[in-house]
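Sequence order for the protein chains is Z and U. Residue numbers for the first sequence follow this note's numbering, beginning at 1 and rising by one. Residue numbers for the second sequence follow this note's numbering, beginning at 1001 and rising by one. Shown next, in structure tokens, is the structure this report addresses.
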Amino acid sequence: MRMENESHYYGIYIHIPFCERKCYYCDFLSAPSTEERKEEYVQALIKEIEAKGSFISKEYVVRTIFFGGGTPSLLTGEQVERILSCLKKVTTWNETVEITMECNPGTVTKETLVCYRNAGVNRISFGLQSTNNEMLKRLGRIHTYEQFLESYRLAREVGFSNINIDLMSGLPRETKEDWKKDITTIMKLTPPPEHISAYSLIIEEGTPFYYQYSSGKELPEEEEERQMYEMTKELLETGGYSQYEISNYAKSGFECLHNLFYWTLVSYVGFGIGASSYFENHRFSNTSDMDTYLDIWKDFEKGKQLCFSYQDKKSDFKDETISLEEDVVEVDNISAMEEFMFLGLRLIQGVSKEEFYKRFQIRIEDVYQDVIQDFIKKGFLIETSHRIYLTKEGISISNYVLSNFLIDRNND
Amino acid sequence: MNQFDQSKIRNFCIIAHIDHGKSTLADRIIEKTGLLTSREMQAQVLDNMDLERERGITIKSQAVRIVYKAQDGEEYIFNLIDTPGHVDFNYEVSRSLAACDGAILVVDAAQGIEAQTLANVYLALDHNLDVFPVINKIDLPSADPDRVVEEIEDIIGIEAQDAPRISAKNGLNIEEVLEQIVTKIPAPTGDPDAPLRALIFDSIYDSYKGVIVFCRIKEGRVSKGTKIKMMATGATAEVVEVGYFGAGQFIACDELSAGMVGYITASIKNVADTRVGDTITRLDNEAKEPLPGYKKVTPMVYCGVYPADGAKYGDLREALEKLQLNDASLQFEPETSIALGFGFRCGFLGLLHLEIIQERLEREYNLDLVTTAPGVVYRVHKTDGTMLEITNPSNLPDPSEIDYMEEPFVSAEIMVTTEFIGAIMDLCQERRGIYNGMEYIEGTRALIKYDLPLNEIIYDFFDALKSRSRGYASFDYEMKGYERSQLVKLDILVNREEVDALSFIVFEGSAYERGRKMCEKLKEEIPRQLFEIPIQAAIGSKVIARETVKAMRKDVLAKCYGGDISRKRKLLEKQKEGKKRMRMVGNVEIPQKAFMSVLKLDEN
């Protein structure tokens, strides 16, 4: 796996907050909408891209683009084409750019897929979740497994050679056998997917599942879930996939670069409602209110000055600029160290000691000696001369381990 | 000098079962007498503390002086003394009653007489007060005033035919109450020229004036400059100011004389010097005898109070000292727990008093507290013939040194509709009650009498009573004394280490059940950790119950969506923050609320 963390690369995330119907477990920013509304949104997106593109330095080079949702595949091929060509016009691109499109099985036709491909999309991510139709129904998914097979076949037919499939474990009334069947079935696809994301179901507050399952009844026992997790790795390894992140598996060379950017503190800029950015040492996100978002960009005239609000302080034309971001947080040195650890340790290869020193001009041991040694002793971390990474046991309780890399800030 | 002669003064209080409308009636009386306009009335003027208003109960005694122009054309001074409304404060109630000449008995027109109604009436009659009844809440659809009149006459034996039928809430027929105060409550007597005898019925601490003593002048007179002496505590002082109570304010006057109710300030720094029930006299012309009935109140319930953050120990002490300025019945002394660090063993009049103090510490002083299970004062008779009073289970001597132990008992009266008699008797039996008889009150209700160990009623007896009677039972008790009892100390071991703050003393026969419930509860409260944690209940070296908290083997693996790192960070921060609210005991993290879980053993 090749890590690209040269500082001038960055990723782009584009949020498409539309879906045909909310799945019962979903708490993402997404809702069903009309064609008119979608078009209105795409136009706003394009204005946002034009505006931001004009002040993101051309020195920065786009390396990945990710359409996430919602269901991005509800966009027409033409809309995707418009967004990408606008992006290409206003930002600098690397010679190869990984462009991922999340697709919901059953929502794509051959024609759309061809358009996506022509527009530059080169990676498809299918949110399949389960191969069991009964389970798909229970989750509130809009498609059957058979519809997925058809979408998958079409994607291959039009030439997509980098496909991810999302699977979810720990589902209501799911057994280890069910999960095993999900994985083996997917591995037997011809050709099999290049990448598999296998997540655990999380019962989020405010979702229908929260009311139905928050008591934990009908959900697999923790121990069973742990076994499912271990099984995932074992099974996928037999199919030639290696685990490179807590929940991600890929054939060699097909790791998702966009996600790797997240884990290795590479910059990314988000577009669309609720989209997060990490840019020039600041984390911030766009408004998550659709009307507010549309209003900002409806009224936006070309040529009007714009900058990120954290840049505002330095800006000479304060009064004419408009502020777009919410929750702007400067990532200070301490936060950056924390993120370096709790994001980097999600990767199976863990974090590099040299990289830590290069970034922070302080040795990792000087900051985290106690935590690291404690977890090594407990069997949750392994240290080699160059790297530190989670053990199998450490991965199982990663939140617990990672939370210990947050540094106490004693203000009083 | 004296603007009003004694015959125009009426000193009275209002007595009622909880929720029968005592404070609302007080509000209406104040409002109708014109001291405040309706608009100025804040609901329940007399209940000063936020806490009192929220809980709808009176914690401290309050008094107010109002002027009423009666139908006979004369102006009367009413001194209305609002008494605390809870059994924890029984002694304060009795002293407030002693400051009055009469009482209005408020009875709910729907509920009729309840246990506290009776207890309060008897208390008032004991103090030779003239009691006249008022039937409240006649606006309720379920009101049955005729039945209630009959009840009052049959059960209490006081005339009730002409009892005002009112709705304090709606201000209905309040005039009638005011007139009856004039006609049915006697004017005070007492020689203004005799040596001073004033009864303290409350005292509060004010940062400007020092201690403000609330008193009823029984004989003699007092004014600025009078040198006074508290007859029980022996404290002396020179009077700085005397006055009476406006609504929510103190109004200075020249002199208080026999028959009047008012306040005295005398640059006294400590409320402990002005104990409720004590008699104030003149230093230069001492009364021969103090007024009867003084008693030093002693705490009945003890628990450990610890700051959640050990660094706040000093703040906690300061807060307790401040509260004590106003509340002489609150006691505390430093103690140390292996599990909880430095804190205080605090003594309270009862569980309500405990809760009030705890809430005030948390609210007014912004302290985060961990409290241990409340317990009573046990008497341990040792084999060497000495006797110890134990308030902290950790101080219990080795069983080999104990000859026998005693625990405090109360005499309880429970009033209940007949259909629930069985359920309530079962409850009392479970709580080791000793049946003391039962009286039927008209066909449908009964007054059940039990002697109960105080320890059995301090946790959740009242809740259990309410739930087993669908809310109909009412309850009152008074201290009876100590009785010999078979008691053991129950220890809780977490990961094989004894947690001192979780130990409690319990009746031997209930030990197994309590131990089992305690282990179950702790299993719920203690989050899983990296290793398996046995939780055991033990008496001495004998383990009587066990549960296990399984080791944590996996936590959720969330999809990190759209690069929303902030969300991920918040999740980890929450996980870390949760850890901070834990106490390390050995190598186990125990959440603070687990220490209070003993309180809720019977919830289900």
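We put the beta carbon where it would ideally sit given N, CA and C, even for glycine.
Are at least three pairs of beta-carbons, each pair with one atom in the region 259-266 of chain Z and one in the region 343-351 of chain Z, less than 8 Å apart? Between the region 259-266 of chain Z and the region 343-351 of chain Z there are three or more C-beta pairs closer than 8 Å, enough to call the two in contact.
Whose C-beta lies closer than 7 Å to the C-beta of phenylalanine 1475 of chain U among residues of the same chain, with five residues either side of it excluded? These residues qualify, in order along the chain: Ala1115, Ala1412, Ile1414, Phe1462 and Leu1465.
Measuring straight from C-alpha to C-alpha, what distance separates tyrosine 244 of chain Z and glutamate 237 of chain Z? In this structure, the CA atom of tyrosine 244 of chain Z is about 11 Å from the CA atom of glutamate 237 of chain Z.
If distances are taken between C-alpha atoms only, which option among Z/Tyr400, Z/Cys26, Z/Phe18 and Z/Thr100 comes closest to histidine 258 of chain Z? With distances taken between Cα atoms, histidine 258 of chain Z lies closest to Z/Thr100.
How would you label isoleucine 1185 of chain U, buried or exposed, when you count the other beta carbons within 10 angstroms and need 16 or more for buried? Around the beta carbon of isoleucine 1185 of chain U, 16 or more other beta carbons sit within 10 angstroms, so the residue counts as buried.
At a Cβ threshold of 8 Å, is serine 1203 of chain U touching chain Z? Cβ-Cβ to chain Z under 8 Å: no for serine 1203 of chain U.
I believe threonine 1371 of chain U touches methionine 1596 of chain U by the beta-carbon criterion, under 8 Å. Please report the beta-carbon distance rounded to the nearest angstrom. Between the beta-carbon of threonine 1371 of chain U and that of methionine 1596 of chain U there is about 6 Å, and that keeps the pair under the 8 Å contact cut.
Would you give the residue range spanned by the alpha helix (DSSP H) that histidine 258 of chain Z belongs to? Residues 257-263.
For arginine 283 of chain Z, which residues in chain U fall below 8 Å Cβ to Cβ? The contact set of arginine 283 of chain Z on chain U, defined by CB atoms closer than 8 Å, consists of Ile1565 and Ser1566 in chain order.
Can you tell me the Cα-Cα spacing of glutamate 355 of chain Z and isoleucine 388 of chain Z, whole angstroms? Cα to Cα, the separation comes out at about 11 Å.
When we look at the beta-carbon of glycine 1433 of chain U and count the other beta-carbons within 10 Å, is it buried (16 or more) or exposed? It counts as buried.
From this set, U/Met1438, U/Ser1467, U/Gly1471 and U/Arg1431, which residue's C-alpha is nearest leucine 1454 of chain U's C-alpha? Minimum Cα distance to leucine 1454 of chain U is reached at U/Arg1431.
CB contact below 8 Å: glutamate 1573 of chain U versus chain Z: Interface residue, yes.
Beta-carbon neighbours of leucine 1530 of chain U, restricted to chain Z and to distances below 7 Å: Those within 7 Å of leucine 1530 of chain U in chain Z are Lys378.
Quick check: is the beta carbon of lysine 1523 of chain U nearer than 8 Å to any beta carbon in chain Z? No, its Cβ sits nowhere closer than 8 Å to a Cβ of chain Z.
Measure the C-alpha to C-alpha separation of alanine 155 of chain Z and leucine 139 of chain Z and round it to an integer number of angstroms. Going by C-alpha positions, alanine 155 of chain Z is about 24 Å away from leucine 139 of chain Z.
When DSSP builds the beta bridges, which residues end up paired with glycine 1310 of chain U? BP columns for glycine 1310 of chain U are empty, so no partner.
Between the alpha carbons of proline 1616 of chain U and glutamate 1456 of chain U, how many angstroms are there, rounded? Past the edges of chain U, shown from 1001 to 1604, lies residue 1616 of chain U, and the structure says nothing about it.
Indicate whether the contact test is met: 3 or more Cβ pairs, each with one atom in the region 1084-1102 of chain U and one in the region 1195-1202 of chain U, closer than 8 Å. Segment contact: the region 1084-1102 of chain U against the region 1195-1202 of chain U, three or more CB-CB distances shorter than 8 Å; contact assigned.
Buried or exposed for threonine 1058 of chain U, please, with buried defined as at least 16 other CB atoms from any protein chain shown within 10 angstroms of its CB. Because the pLDDT of threonine 1058 of chain U is 48, which lies under 50, any placement of that residue in the model is unreliable, and the question is left without a value.
Are there 16 or more other CB atoms within 10 angstroms of the CB of isoleucine 362 of chain Z, so buried, or fewer, so exposed? Burial check for isoleucine 362 of chain Z: the Cβ neighbour count within 10 Å stays below 16, so the residue is exposed.
Host alpha helix (DSSP H) of phenylalanine 414 of chain Z (start-end): Since the first residue of chain Z shown is 1 and the last is 412, residue 414 of chain Z is not available in this structure.
Between U/Val1380, U/Glu1407, U/Gly1385 and U/Glu1406, which lies nearest to valine 1397 of chain U when the distance is taken from Cα to Cα? Correcting the residue identity first, residue 1397 of chain U is proline in this sequence and not valine. Per the Cα distances, U/Val1380.
Within 8 Å (strictly less), CB to CB, does asparagine 104 of chain Z reach chain U? Using a Cβ-Cβ cut-off of 8 Å, asparagine 104 of chain Z does not count as an interface residue toward chain U, since no Cβ of chain U sits closer than that to its own.
Collapsed DSSP secondary structure at leucine 1051 of chain U in the structure displayed: Per-residue confidence for leucine 1051 of chain U stands at a pLDDT of 48, beneath the threshold of 50, marking its modelled position as unreliable; the derived number appears in the next sentence. Here leucine 1051 of chain U sits in helix by DSSP.
Drop a sphere of 10 angstroms on the beta-carbon of serine 197 of chain Z, count the other beta-carbons inside from all chains shown, and report buried for 16 or more, exposed for fewer. With 16 or more other Cβ atoms within 10 Å, it is buried.
Could you give the DSSP three-state label for lysine 298 of chain Z: helix, strand or coil? Of the three classes helix, strand and coil, the one that applies to lysine 298 of chain Z here is helix, per DSSP.
With 8 Å as the threshold, decide whether the Cβ of asparagine 399 of chain Z is near any Cβ in chain U. Judged by the 8 Å Cβ criterion, asparagine 399 of chain Z is in contact with chain U.
With DSSP as the reference, identify every bridge partner of lysine 93 of chain Z, one or two as the case may be. Per the sequence shown, the amino acid found at residue 93 of chain Z is tryptophan instead of lysine. Answer by DSSP bridge pairing, in chain order: Z/Val62.
Of the residues that make up the region 216-242 of chain Z, which ones have a beta carbon closer than 8 Å to any beta carbon in chain U? For chain U, the residues of the region 216-242 of chain Z that bring a beta carbon within less than 8 Å of one of its beta carbons are Glu222, Glu223, Glu225, Arg226 and Tyr229, in chain order.
Identify whether methionine 1260 of chain U lies in helix, strand or coil by the three-state DSSP scheme. Residue state, collapsed to three classes: coil.
Exposure label - alanine 1043 of chain U; buried when at least 16 CB within 10 Å: Residue confidence for alanine 1043 of chain U is low, a pLDDT of 44 falling below 50, so the modelled location carries little weight; the figure read from the coordinates is stated next. That one is exposed.
Helix, strand or coil at valine 266 of chain Z according to DSSP, with G and I counted as helix: Coil at valine 266 of chain Z, not helix or strand.
Is it buried or exposed for alanine 1258 of chain U, if we count other Cβ within 10 angstroms and need 16 for buried? Per the 10 Å Cβ criterion, buried.
Got a sec, what are the start and stop residues for the beta strand (DSSP E) proline 1453 of chain U sits in? It spans 1445-1453 - the beta strand (DSSP E) in which proline 1453 of chain U sits, taken as one unbroken run.
Glycine 253 of chain Z (DSSP reduced to helix, strand or coil): The three-state reading of DSSP puts glycine 253 of chain Z in coil, since its state is none of H, G, I, E or B.
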